[in-house]
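Each remark here refers to the structure printed beneath this line.
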Amino acid sequence: MTTAAAVPDLASFVDGEWRRGGRQASDTNPAHPSEVVAQYALADAETATQAVAAASAAFAAWRATPAPARGEILRKAAALLDERAADIGRDLTREEGKTLPEGIRETQLSANILRYFASQTLDPDGDMYPSSKANVLLYTRREPLGVVSVITPWNFPICIAAWKIAPALAFGNTVVWKPAELVPLTAANFLKTLVDAGLPQGVLNLVLGKGSEVGDVMTTHPDVVGISFTGSNAVGRALQAKAAAKGKRVQLELGGKNPAIVLADADLDLAAEQVARGAFLAAGQKCTATSRVIVERSVLGGLVDRLTAHANGWKLGDPLAPDTIVGPVVSEQQLGTVLGYLDRAKSDGARVVAGGGRADGDLADGYFVKPTVLSGVKSSDTVFREEIFGPVAAVIAVDSFDEAIAMANDTRYGLSASIFTRDLGRALRFADRIRSGIVKVNSETAGVEYHVPFGGTKESSSGSREQGKAAREFFTEWKTVYINIP
Ligand code: ADP
1355 MTTAAAVPDL ASFVDGEWRR GGRQASDTNP AHPSEVVAQY ALADAETATQ AVAAASAAFA
1415 AWRATPAPAR GEILRKAAAL LDERAADIGR DLTREEGKTL PEGIRETQLS ANILRYFASQ
1475 TLDPDGDMYP SSKANVLLYT RREPLGVVSV ITPWNFPICI AAWKIAPALA FGNTVVWKPA
1535 ELVPLTAANF LKTLVDAGLP QGVLNLVLGK GSEVGDVMTT HPDVVGISFT GSNAVGRALQ
1595 AKAAAKGKRV QLELGGKNPA IVLADADLDL AAEQVARGAF LAAGQKCTAT SRVIVERSVL
1655 GGLVDRLTAH ANGWKLGDPL APDTIVGPVV SEQQLGTVLG YLDRAKSDGA RVVAGGGRAD
1715 GDLADGYFVK PTVLSGVKSS DTVFREEIFG PVAAVIAVDS FDEAIAMAND TRYGLSASIF
1775 TRDLGRALRF ADRIRSGIVK VNSETAGVEY HVPFGGTKES SSGSREQGKA AREFFTEWKT
1835 VYINIP
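According to the numbering used here, the stretch in the sequence shown is residues 1355 to 1840, in order.
Rendered as structure tokens:
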């Protein structure tokens, strides 16, 4: 492994100080795994405990800070993010592997998320009620919870952090944040914008550690009141069980196995392009990625041909190169998982129409998986049932609209679902009958807006929602005040 001279040296940030020293870990580039993007000091449980203590100590003053003043800091951080978007986006691309335009856009989106939650600090935070007693002033307020732990994944390393941390801070909580181990540089970059914007000491603490080492402190410490987590079902559910046993409030955003239905009357060019975007962009590593493509039999050939043309035509390559559309998957482990699913699909009898394995030639060193289209898949196949998190579209034919809906719903997940049709009635019936937190008509399953609720049904979430007005529900609790006016 080579380490270039200017490799950043990162650390956890606790109570306003960088905690350097101790065990070191390397952050590498998935397109060129021998390239070290950053070094960082690995936090242990003691550092996590100190982070909780710092957040706890900072809570009273932050809670007492007028909400609009908290919003002002978020607004300043947003301006800094915009100013630094080209550099932060580039760092994001180098450590996570999405393309440079995607890395920069994600940074800019995060700035918008900060501004959106800054504006919510001016919204009403309670209601006035008529009392049934004379001379009683009866009102409610939403108050912050206290210390919240925020645990984020690597696939949207800045914007998932923003959509949890911004409302947590805006509504008066203090935060202990553990990003995924694969993306410490983006995490440090995001934290610095908030610190440079004037966030007081201890209000946001960054813990760069392994889930297995710092996770228990973050989820079971007596001073932690709430936990907002995005990641895998296995980790999320285990964490929920432990935290719930301690009476904590838990929000989980978990996996998806998102269907796109293509009906016979669909605009096939549009459908194929949108399905390809949902399945292949960001190398399929979105919880809202399109994974199951359910097609009315009469248009199966037309759809598969068009989808295959995108899979073969979209440039797979270094995510910093201007013509690249699809970059690598994030890590060697992720590569192994995706290739394992492809092997399983082949042995289950699926036909590889495009892609089907790791890229070779110039890309052989990186974690590149060719955009893959599988046909002849059965609904019982593993590749049709489990989340893959790679650039893979599994196509299946159906004979009717009703069969398509039944198949789309035949999954333990329920995050996002789309349909392609020109029939308004069917589009509306789909929106009604699909069991999914997000519904799209004539567009890809991925891609969401921050001012509306985000989250899934069934095993895709804990049932709560993030973003939009829903964020306040998780990060605050009601207080009801009865004032007897003598
Ligand atoms: P992914 O498949 O997206 O990597 P994970 O569930 O493995 O999903 O990771 C999501 C986040 O949860 C990461 O920040 C990871 O470090 C963290 N994590 C992993 N194990 C634990 C744990 N035992 N407790 C708390 N957080 C954990």
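Glycine included, C-beta positions come from ideal geometry on N, C-alpha and C.
- [ ] Determine, using beta-carbon pairs with one atom in the segment 1439-1459 and one in the segment 1666-1682, whether at least three such pairs fall under 8 Å.
- [x] yes
Task: Where Y1695 falls: helix, strand or coil (DSSP) - done: helix
Task: T1357, DSSP secondary structure in three states - done: Because the pLDDT of T1357 is 45, which lies under 50, any placement of that residue in the model is unreliable, and the question is left without a value.
Task: Reference P1387; option with closest CA among V1578, N1559, P1362 and V1684 - done: V1684
- [ ] Could you tell me whether the segment 1461-1469 touches the segment 1502-1514, using the rule of 3 or more Cβ pairs below 8 Å?
- [x] yes
Open item on the list: Residues in the same chain with beta-carbon distance under 6 Å from E1449, minus the five sequence neighbours each way, listed in chain order, please.
Closed with: D1381, V1391, V1537 and L1539
TODO: Go to S1885, then tell me how far its beta strand (DSSP E) extends in each direction, as first and last residue.
DONE: Here the chain covers residues 1355 to 1840 and nothing more, so residue 1885 does not appear.
- [ ] Using the Cα positions of D1716 and A1399, report the straight-line distance between them to the nearest angstrom.
- [x] 41 Å
TODO: Tell me the start and end of each unbroken alpha helix (DSSP H) in the segment 1561-1594 that is at least 4 residues and wholly inside, in chain order.
DONE: 1565-1574
Open item on the list: Between which residues of its own chain and A1472 is the CB-CB distance below 6 Å, once the five residues before and five after are set aside?
Closed with: G1425, L1428 and R1429
Task: For Y1394, the first and last residue of its enclosing beta strand (DSSP E) - done: H1386 to A1395
- [ ] Rounded to whole angstroms, what's the CA-CA distance from V1835 to P1498? Just pull it up for me.
- [x] 16 Å
Open item on the list: Going by DSSP, what residue range makes up the beta strand (DSSP E) through S1366?
Closed with: S1366 to V1368
TODO: Please report the residue range of the beta strand (DSSP E) in which Y1470 lies.
DONE: Element bounds for Y1470: not the beta strand (DSSP E) but the alpha helix (DSSP H), L1454 to Q1474.
Open item on the list: Suppose you measure from the CA of M1355 to the CA of A1637; what does that come to, to the nearest Å?
Closed with: Since pLDDT at M1355 reaches only 46, below the 50 mark, its modelled position is unreliable, and the value read off the structure follows with that caveat. Spanning the two alpha carbons is a distance of roughly 25 Å.
Open item on the list: Which complete beta strand (DSSP E) runs does the segment 1496-1566 hold, if anything under 3 residues is left out?
Closed with: 1501-1505, 1528-1532 and 1558-1560
- [ ] Compute the distance between the beta-carbons of N1612 and S1645, then report whether it is under 8 Å.
- [x] yes
TODO: With DSSP collapsed to three states, give me the class of N1763.
DONE: helix
Task: Within 8 Å, strictly: CB atoms of S1815 and G1779 - done: no
- [ ] Alpha carbon to alpha carbon, how far is W1372 from A1358? Give it in angstroms, no decimals.
- [x] Low confidence applies to A1358: its pLDDT is 48, below 50, so where it sits in the model is not reliable, and the reading given next is rough at best. Their Cα atoms are separated by approximately 22 Å.
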